[in-house]
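Enquirer: This is the structure I have questions about; it appears just below.
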Amino acid sequence: MKKRLRKKLHKGEYQELGFSFDAKFKADTDMKLVEEWLQEFAVLLHAHDLEMGGGWNSDVCGGFITRQRGSVTVEEQNIVKKWLSEHDQHLDNITVGELKDAWYGW
């Protein structure tokens, strides 16, 4: 495959990695606390130039973490894992997936 096509298709040296996560809130968690948690999580992602696609409600927050350009590193994934484990007061369950192809890893 030619370089131009690899770049266009995000293959080979142009592959971009990201990871999924799910955080399930405890049943009695107030919506205001959920919103505060989500705001703090967004600040963390922004500080590391990461982006999240996904959704949330009063029960669960989940999605896929990527960067606008390039791949998420193992170090950045570990930063997010650590933050989630340190901010789990209102969570029942946290799942963080492995790094996988952000374009074709589904």
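Numbering (my numbering), first residue to last: 237 to 342. Glycine included, C-beta positions come from ideal geometry on N, C-alpha and C.
1. Which word fits Thr302, buried or exposed, when buried means at least 16 other C-beta atoms lie within 10 angstroms of its C-beta?
2. Taking 9 Å as the threshold (C-beta atoms), are Asn329 and Asp266 in contact?
3. Take Ala263 and list the residues in its own chain whose beta-carbon comes closer than 6 Å to its own, dropping the five residues that flank it on each side.
4. Lys336 to Ala283, Cα distance in whole Å?
5. Whole alpha helix (DSSP H) runs in the stretch 255-309 with 4 or more residues, listed along the chain?
6. Any chance you could list the alpha helix (DSSP H) runs of at least 4 consecutive residues sitting entirely within the stretch 308-340, in chain order?
Expert: The answer reads as follows:
1. Position 66 of the sequence shown, counting from 1, holds the residue named residue 302. Label assigned to Thr302: buried.
2. Position 30 of the sequence shown, counting from 1, holds the residue named residue 266. Position 93 of the sequence shown, counting from 1, holds the residue named residue 329. Not closer than 9 Å, so no.
3. Working through the sequence shown from its first residue, we reach residue 263 at position 27. Closer than 6 Å at the Cβ level, and outside the excluded window around Ala263, lies no residue.
4. Position 100 of the sequence shown, counted from the start, is the residue given in the question as residue 336. Position 47 of the sequence shown, counted from the start, is the residue given in the question as residue 283. Between Lys336 and Ala283, the C-alpha separation is close to 22 Å.
5. 267-283
6. 310-322
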